[in-house]
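Those protein sequences? They're chains A and B, same order as listed. If you read the first sequence in the working numbering, its first letter stands for residue 2, the second for the next number, and so on. If you read the second sequence in the working numbering, its first letter stands for residue 89, the second for the next number, and so on. One structure is given here, and the rest of the page talks about it.
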Amino acid sequence: MTFFFEVLITGLMVGIMYSLVAIGFVLIFKASEVFNMAQGAMSLFAGLALVGFLEQYLQLPLWLAIICTVAVMTVWAYAVVFVVLKPLVARPPLMLFMATFGVMYLMEGIGQSIYGTQAKGLNLGIPDIPFEVSGIFLSTFDLFFAGVAAVLVIGLVWFFQKTRSGRALRAVSDDHEAALSVGIPLLRAWTITWIVAGVVATVAGVAWGTRLGVQFSLSFIALKSLPVLIIGGIDSIPGAIIAGLIVGAGENLGEVFIGPSVGGGIQTFFPYLLALVVLYFKPYGLFGKEIIERV
Amino acid sequence: MNEKPEPILRAEDIHISFGGLKALNGVSLEIYPGEILAIIGPNGAGKTTMLNIINGFYKPDEGRIFFEGKERPRRMKPDRIAAQGIARTFQNLALFRGMSALGNIMVGRTMMMHSNIFSQALYWGFSQKEEIEHREAVERIIDFLQIENIRRTPASMLPYGMQKRVELGRALAAEPKLLLLDEPMAGMNLEEKEDIARFVLDANEELGYTIALIEHDMGVVMDICDRIAVLDFGNKIAEGSPDEIKANPEVIKAYLGTAGG
Chain A
2 MTFFFEVLIT
12 GLMVGIMYSL
22 VAIGFVLIFK
32 ASEVFNMAQG
42 AMSLFAGLAL
52 VGFLEQYLQL
62 PLWLAIICTV
72 AVMTVWAYAV
82 VFVVLKPLVA
92 RPPLMLFMAT
102 FGVMYLMEGI
112 GQSIYGTQAK
122 GLNLGIPDIP
132 FEVSGIFLST
142 FDLFFAGVAA
152 VLVIGLVWFF
162 QKTRSGRALR
172 AVSDDHEAAL
182 SVGIPLLRAW
192 TITWIVAGVV
202 ATVAGVAWGT
212 RLGVQFSLSF
222 IALKSLPVLI
232 IGGIDSIPGA
242 IIAGLIVGAG
252 ENLGEVFIGP
262 SVGGGIQTFF
272 PYLLALVVLY
282 FKPYGLFGKE
292 IIERV
Chain B
89 MNEKPEPILR
99 AEDIHISFGG
109 LKALNGVSLE
119 IYPGEILAII
129 GPNGAGKTTM
139 LNIINGFYKP
149 DEGRIFFEGK
159 ERPRRMKPDR
169 IAAQGIARTF
179 QNLALFRGMS
189 ALGNIMVGRT
199 MMMHSNIFSQ
209 ALYWGFSQKE
219 EIEHREAVER
229 IIDFLQIENI
239 RRTPASMLPY
249 GMQKRVELGR
259 ALAAEPKLLL
269 LDEPMAGMNL
279 EEKEDIARFV
289 LDANEELGYT
299 IALIEHDMGV
309 VMDICDRIAV
319 LDFGNKIAEG
329 SPDEIKANPE
339 VIKAYLGTAG
349 G
């Protein structure tokens with residue numbers, strides 16, 4: 002039984018990482034109905050920038066490096082909204098979607114030319130030593146990021162539920178025209194959303210970067226969170242969190258307990274299988290808003 | 089015509105077409121402070137188009153708009169126009185469906201709240217005080233519209249008539265200088281219509297709002313409006329008091345078809 006819980010908890014910890022990436026997608030989708038292909042690249046870029054500030058170009062202390070990284074992501078958010086998205090306001094979502102492809106390649110390209118292509122280690126000074134709680138081994142490192150993710154999520158929920166700007170963003174995501182009619186500027190709302198998504202991407206990028214090293218494959222972690230989005234519903238933040246946990250726990254448990262009997266390697270396809278099942282029964286995801294078109 | 093005060097809004101010779109369709113063909117319209125103006129006309133006459141131009145969703149091909157005596161820049165964005173004090177409701181309801189009735193009305197006050205995003209995140213005191221002040225104003229609106237019992241209900245779960253009321257509340261929350269109502273009573277039963285008519289009248293008489301509304305129910309229009317403008321196929325064919333409009337042969341023709349038909 003102890004072993005089962007160990008596998009489960011390790012899975013949940015990985016799941017939180019998926020949730021982090023998925024939340025970034027959800028934020029931007031809710032605000033502008035765009036699936037942001039560049040979300041993974043944003044995480045990568047944030048990771049690269051942090052390494053740059055911390056070790057590669059400057060030797061800033063950690064807190065300052067993090068502030069600088071967030072500042073870089075903020076500048077990116079402004080650039081994306083005013084250079085890329087602004088000319089496309091009121092165009093079909095597909096055009097915005099294609100534009101985010103461009104942003105993705107641009108970020109990867111700029112990242113390569115500034116920081117080079119080598120994988121870089123990112124050491125935040127958190128010890129990766131497992132410790133024991135009633136017979137179950139936990140990693141300090143995993144717990145730390147679970148804590149960070151929890152704080153981030155609580156912060157986001159508070160921001161969206163309690164503040165005026167949060168309310169305005171929810172209004173924009175519900176109905177663009179109505180939001181304009183009460184005086185909410187669309188572009189500013191988008192900018193704030195992209196900044197918030199940038200911060201979330203930074204946390205995700207740092208978490209994954211510390212774990213796997215900051216390398217260009219981080220950009221593809223985004224693909225691993227696709228089934229998370231399908232399961233949770235692409236417009237639901239709680240959905241992203243819960244689906245991330247389900248996928249993380251599911252793939253780990255599946256790998257350990259079912260894997261051996263089917264020859265292993267379940268981890269790579271299990272999330273997609275799960276997503277397929279969910280799609281069959283709940284096409285908008287477990288928590289997604291059902292879109293009812295009036296005929 | 090007797091002497092009138094400066095109009096709060098003057099639209100001058102508005103033209104707009106969509107593809108080949110001339111939706112408005114040189115329409116001029118004045119809205120005076122303190123009045124209820126009804127814009128009526130058969131379907132497709134251009135009534136909603138006119139509201140969309142007044143609140144900035146559409147830019148007219150030709151024509152000028154003056155608000156409080158000042159000409160509006162051609163490319164002014166709808167959110168800036170809302171900030172100037174023009175609020176509206178929609179023909180097909182445009183509530184924020186994920187939010188409660190209260191949340192919807194609070195969003196209506198966006199323009200009146202000033203704490204910026206950083207102070208909301210960091211400077212608790214001021215933001216919180218502001219939040220409470222506005223919450224009080226919103227509660228007054230909720231009282232006014234008699235929707236106390238549904239304030240926590242998500243907008244999407246409310247019955248249609250209540251959604252219309254919440255939408256009116258959201259528009260009132262902005263304390264606009266000019267309130268545009270696009271068919272506030274469409275699809276309602278008699279009782280609901282009477283309720284809304286009373287709220288519109290009270291908003292005008294007690295709270296002093298200037299209102300322009302589109303409505304198809306002639307009974308209501310004749311009862312509550314001070315003036316009526318009639319559109320037909322993108323042209324203004326008549327304007328005047330309810331009695332003048334009732335007697336106007338052009339209007340009768342537009343509504344009932346040609347004489348003898």
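We put the CB at the ideal spot given by N, CA and C, even for glycine. Computed from a prediction, not measured in an experiment: that's the story for all the values here.
| Item | Value |
| --- | --- |
| Across which residues does DSSP place B/Leu269 in a beta bridge pair? | B/Leu301 |
| Do the CB positions of B/Arg168 and A/Ser182 come within less than 8 Å of each other? | no |
| Of the choices B/Leu125, B/Gly196 and B/Ile153, whose alpha-carbon is the least far from that of B/Ala317? | B/Leu125 |
| Does DSSP classify A/Phe132 as helix, strand or coil? | strand |
| Please report the Cβ distance between A/Val248 and A/Val279, rounded to the nearest whole angstrom; I am assuming they are in contact, meaning their Cβ atoms lie under 8 Å. | Rounded, the Cβ-Cβ distance is 10 Å, inconsistent with contact. |
| When the Cα of A/Lys121 is compared with those of A/Pro284, A/Val134 and A/Ser218, which residue comes out closest? | A/Ser218 |
| Leaving out the 5 sequence neighbours to the left and right, which residues in its chain are closer than 8 Å to A/Gly240 when beta-carbon positions are compared? | Val27, Ile232, Gly233, Gly234, Gly286, Leu287, Phe288 and Gly289 |
| Taking DSSP as the reference, what is the three-state secondary structure of B/Ala342? | helix |
| Within the chosen definition, does the segment 29-36 of chain A reach the segment 95-103 of chain A through at least 3 CB pairs nearer than 8 Å? | yes |
| Just how far apart, CA to CA, sit B/Gly328 and B/Lys265? | 22 Å |
| Count the other CB atoms within 10 Å of the CB of A/Val76; is the residue buried (16 or more) or exposed (fewer)? | exposed |
| Report the partner residues of B/Gly328 according to the DSSP bridge assignment. | B/Ile316 |
| Quickly, what does DSSP pair B/Pro242 with across the bridge? List them, please. | B/Ser188 |
| What's the C-alpha gap between A/Ala1 and A/Val134? | Absent from the model: residue 1 of chain A. The displayed extent of chain A is 2 to 296, so no value can be given. |
| For B/Ala175, which residues does DSSP report across the bridge? | B/Leu267 |
| From B/Asn277, B/Leu267 and B/Leu278, pick the residue whose C-alpha is nearest to that of B/Ile174; which is it? | B/Leu267 |
| Quick check for students: name the residue ranges of the beta strand (DSSP E) that lie wholly in the segment 97-144 of chain B, counting only runs of 3 or more. | 97-106, 109-119 and 124-128 |
| Which residues in the same chain have their Cβ closer than 6 Å to the Cβ of A/Gly260, if we skip the five residues on either side of it in sequence? | Ile267 |
| Under the three-state reduction of DSSP, which class applies to B/Lys147: helix, strand or coil? | coil |
| According to DSSP, simplified to helix, strand and coil, what is B/Ile169? | helix |
| Using a Cβ cut-off of 8 Å (strictly closer), state whether B/Ser329 contacts chain A. | no |
| From A/Gly167 to A/Ser174, what distance separates their C-alpha atoms? | 11 Å |
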